[in-house]
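Novice: Let me give you the structure first, and then I'll get to my questions.
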Amino acid sequence: MTPHVTQESLSRRASAAWRGLGARRIPFAVMLLAGACTVPMVVGAQVGGEVEADKDPADWVEREAGIPVTDQLTMEKCGTCHTPDAKGNLSRISWIRATPEGWSQAIKRMVKLNGLSIEPEEARQVVKYLSTQHGLAPEEARSVMYLAERRILDETNIPNEAVRQACASCHAFAQPMSSRRSKREWALLQNMHMSLYPTAQMAYERPDPAHAGDDDGEDDKKPEKVAKIALEYLAKAAPLHTPEWAAWQPRIRTPMLGGKWAVSASLRGQGRFVGEMTIQPKPGSNEFTAVTTLRSLDTGKTFTRKGSALAYTGFSWRGTSTGGSAALARPDDMTGTLRETMWFSPDQTFAEGRWYWGEYHEFGLDVKLTRALGAPVLAAAAPEALKTGTKGAEVHLYGADLPSGLTPGEVDFGAGVTVRKVASASPNELVVTVDADADAMPGLRDVSLRGAVLQKALPVYRTIDYLKVTPETSLSHLGGIKYGKGYEQFAAQGWSSGADGKPGTADDFVVRTVDADWKLDEFRTVTYDDDVSYVGKIDNAGFFTPGEEGPNPARHFMRNNYGEVWVVATARSEKDKFGKPLAARAYLVTTVPAYKRWDQPEVSQ
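Position in the sequence shown (first residue = 1) + 1 = our numbering.
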């Protein structure tokens, strides 16, 4: 790094170079020097009441109060280019808050593009500090946990098409929403994208898609550009200072997570698991070791996992654990190495998250932890569901510190479900015998005993009315030669139409996983479609294995084995009112490997 050149002056240099030389002629060295990588993108912003419509964001006056940097190592490593002010703020850094992954990305970018010299342990310490003192509040982080958990899902939180084009065309919308910034910093982030990614400028300069067809001939009525709409949205929806952050700052502390936790987990294709996690803190730090024992409720097989983790910001668990196996029998082998990502509640009594593995993170355990403090804890109930009219059914309740000497009246499943006797009791498992009335109201029942309540623990149903295949839409990757394959596991879920008997209404609920036969059908887009013959194979447990990457001489035009298909599940025993087996299907796209990764997946390792 150049000791006497600041981030602000570098930003102005890059902007001036762009203006003078044109976008095609700007020296790449200038872009590398500019930490903000700014290019002129006039958005007509008004900052602090002062219109700066003709200025590049690098020349805006920062009006918002920054968050002072107090860590000596961070000041030493970052303060050379990010200049300090009299209040202890470091330029740029003090006007950003982000997740551990966000700060890890920033440090990697500084190393790769700006010549930052930092040792791995130093980077680790800087990320610890920034993600805690310049991080997100628990409420802010929880809504975007799916990004750190590597979940594949359809984002329904994007407000409009303009924001989608600006912020979610190349990565998840959770990526920008995993940070909080001043308005100037959001504008500088747009500039960085325009400098590094050629398609960004084209996306940002587009008119508002909601009014793209409007043309009334009046210049003052022209639709706003995507860049401005996105900037205004982000400045309001993800500002630097929020009530949540103001409330969390005085509560930040070293997390006290040591002790015993009851675990419940599920893995598509392998069912549900229960167990216990014992966390041991490393003195004077936010680092932990953990030993977890999981037992399959389907097979009874037990797995023991050992690992270590960091807890950033007092609630963000990032860890790794292994079941002791180096050679995996299949991609979702429970003895393999898992990356653990969890969100702990501010009161540190429960946690939820995902433990995942795989080349494309397609497999993962959905995990919930409940702290064991001596009082009864309920974690799971089995079987998956209880049919109305059933007599003498055994229901197993799993948890920690479950009491002995319970009477039937102390265990409650709600109206219409009667506990006849307590068959057996141990600290981790309770077995009760129950009757379900024929007219018991269908729905998800809570179970309670001696002050412990497990919400929506047991579905009570009359009939399974229809099926759904999960995931309903999915993406698989070809591979097997140079790149790892992106597999997928499908499951058939039986659904109840609820008390109103009408499918597709608000009272519908999942009953249980249904045994089904599986096949692939053509998703026809052209008359000669033959994708189903090449994309891969699905076994009778719903496990999809994609084909190999690369041109296939057997295909028309030597195409790769990519394509679109339906994944069809047909129930083996569940039937509709006409006596026909219930069936459902999901949409699967099998595409080429991710030749270029833009999301920096290494930061979660």
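Every residue gets a Cβ at the ideal spot worked out from N, C-alpha and C, and that includes glycine.
Any idea which residues DSSP pairs Q494 with across the strands?
Specialist: Along the sequence shown, read from residue 1 onward, the residue named residue 494 stands at position 493. The partner list for Q494 (beta bridge, DSSP) reads K469 and T514.
Novice: T419 to G337, Cα distance in whole Å?
Specialist: By 1-based counting over the sequence shown, the position of residue 419 is 418. By 1-based counting over the sequence shown, the position of residue 337 is 336. So the alpha carbons of these two residues sit roughly 42 Å apart.
Novice: Quick check on DSSP: helix, strand or coil for G452?
Specialist: As a working note, residue 452 is residue 451 in the sequence shown. The answer is coil: DSSP assigns G452 none of H, G, I, E or B.
Novice: Among residues of its own chain, excluding the 5 on either side of A266, which ones have a beta-carbon nearer than 8 Å to its beta-carbon?
Specialist: As a working mapping, residue 266 is identified with position 265 in the sequence shown. Hits under 8 Å: R273, F274, V275, G276, L295, W356, L366, D367, V368 and K369.
Novice: Report the start-end ranges of each alpha helix (DSSP H) in the stretch 178-262 that is 4 residues or longer and not cut off at the edges.
Specialist: Segments of the alpha helix (DSSP H) lying fully in the stretch 178-262: 184-197, 199-205, 227-238 and 244-249.
Novice: With respect to the beta strand (DSSP E) encompassing P409, which residues constitute its N-terminal and C-terminal limits?
Specialist: The residue you call residue 409 lines up with position 408 of the sequence shown. Here P409 belongs to no beta strand (DSSP E), and DSSP marks it neither H nor E.
Novice: Looking only at its chain, what residues have a beta carbon closer than 6 Å to the beta carbon of V435, apart from the 5 residues adjacent to it on each side?
Specialist: Your numbering for residue 435 matches position 434 in the sequence shown. So the qualifying residues of the chain are A394, V396, V418 and V420.
Novice: Per DSSP, which one or two residues make a beta bridge with V418?
Specialist: By one-based count along the sequence shown, residue 418 stands at place 417. DSSP lists A437 as partners of V418.
Novice: Closest to P244 by C-alpha separation, out of R152, E140 and A169, would be which residue?
Specialist: The residue labelled residue 244 in the question sits at position 243 within the sequence shown. The shortest C-alpha separation from P244 is found at E140.
Novice: Check whether the stretch 291-308 and the stretch 442-450 are in contact - that is, three or more C-beta pairs closer than 8 Å.
Specialist: Contact fails: fewer than three Cβ-Cβ distances are below 8 Å.
Novice: Alpha carbons only, please: which of D508, P428, T303 and A424 is nearest the one belonging to V461?
Specialist: Mapped onto the sequence shown, residue 461 falls at position 460. With distances taken between Cα atoms, V461 lies closest to D508.
Novice: Please determine, among T303, G285 and T350, the residue with the shortest C-alpha to C-alpha distance to W262.
Specialist: Locating residue 262 in the sequence shown gives position 261, where the first residue counts as 1. That would be T350, whose Cα lies nearest to the Cα of W262.
Novice: In this structure, does DSSP put F289 in helix, strand or coil?
Specialist: Walking along the sequence shown from the start, residue 289 turns up at place 288. If DSSP states are grouped into helix, strand and coil, F289 belongs with the strands.
Novice: For the beta strand (DSSP E) that contains G308, what are its first and last residues?
Specialist: As a first step, residue 308 must be located in the sequence shown, where it is residue number 307. From DSSP, the beta strand (DSSP E) with G308 extends over T303 to Y313.
Novice: Sort G400, L131, T471 and G487 by Cα distance to A453 and report the nearest one.
Specialist: If you number the sequence shown from 1, residue 453 lands on position 452. Ranking the options by Cα distance to A453, first place goes to G400.
Novice: Using DSSP's beta-bridge definition, name the partner residues of T321.
Specialist: Here residue 321 is taken as the residue at index 320 of the sequence shown, counted from 1. Looking at the DSSP assignment, T321 forms a beta bridge with S309 and R340.
Novice: I believe T321 touches R306 by the beta-carbon criterion, under 8 Å. Please report the beta-carbon distance rounded to the nearest angstrom.
Specialist: Sequence index remark: in the sequence shown, residue 321 carries index 320 (1-based). Sequence index remark: in the sequence shown, residue 306 carries index 305 (1-based). Between R306 and T321 the Cβ distance is about 10 Å, and since that is not below 8 Å, they are no contact.
Novice: Leaving out five residues on either side along the sequence, give the residues of the same chain with a beta carbon under 6 Å from the beta carbon of R207.
Specialist: Here the question's residue 207 lines up with position 206 in the sequence shown. The residues are V227.
Novice: Would you mind working out which of L91, P210 and P409 sits nearest Q166, comparing C-alpha positions?
Specialist: As a position in the sequence shown, residue 166 is number 165, starting the count at 1. Comparing Cα positions, the closest option is P210.
Novice: For a quick check, are the C-beta atoms of Q494 and T471 less than 9 Å apart?
Specialist: For the purposes of this step, residue 494 is taken as residue 493 along the sequence shown, with counting starting at 1. For the purposes of this step, residue 471 is taken as residue 470 along the sequence shown, with counting starting at 1. In contact: Q494 and T471 (Cβ atoms closer than 9 Å).
Novice: Since V396 sits in a beta bridge, which residues does DSSP pair it with?
Specialist: For the purposes of this step, residue 396 is identified with residue 395 of the sequence shown, where counting begins at 1. Answer is V433, bridged to V396.
Novice: Closer than 8 Å by C-beta to P256: which residues in its own chain qualify, once you throw out the five before and the five after it? Chain order, please.
Specialist: Working through the sequence shown from its first residue, we reach residue 256 at position 255. Taken in chain order, the residues that qualify are N287, A312, G315, F316, F345 and Q349.
Novice: Quick one: residues in its chain with C-beta nearer than 8 Å to the C-beta of V412, no 5 flanking neighbours on either side, listed in chain order?
Specialist: Reading the sequence shown from its first residue, position 411 is the one you call residue 412. Within the same chain, V412 has close Cβ partners L398, V420, V423, L431, V433, V448, S449 and L450.
Novice: How is the beta strand (DSSP E) around W358 delimited, first residue to last?
Specialist: For the purposes of this step, residue 358 is identified with residue 357 of the sequence shown, where counting begins at 1. Its beta strand (DSSP E) spans residues F351 to W358.
Novice: Between the Cα of K469 and the Cα atoms of D516, A584, A500 and E565, which residue gives the shortest distance?
Specialist: Looking up residue 469 in the sequence shown gives position 468. When only C-alpha atoms are compared, the closest one is A584.
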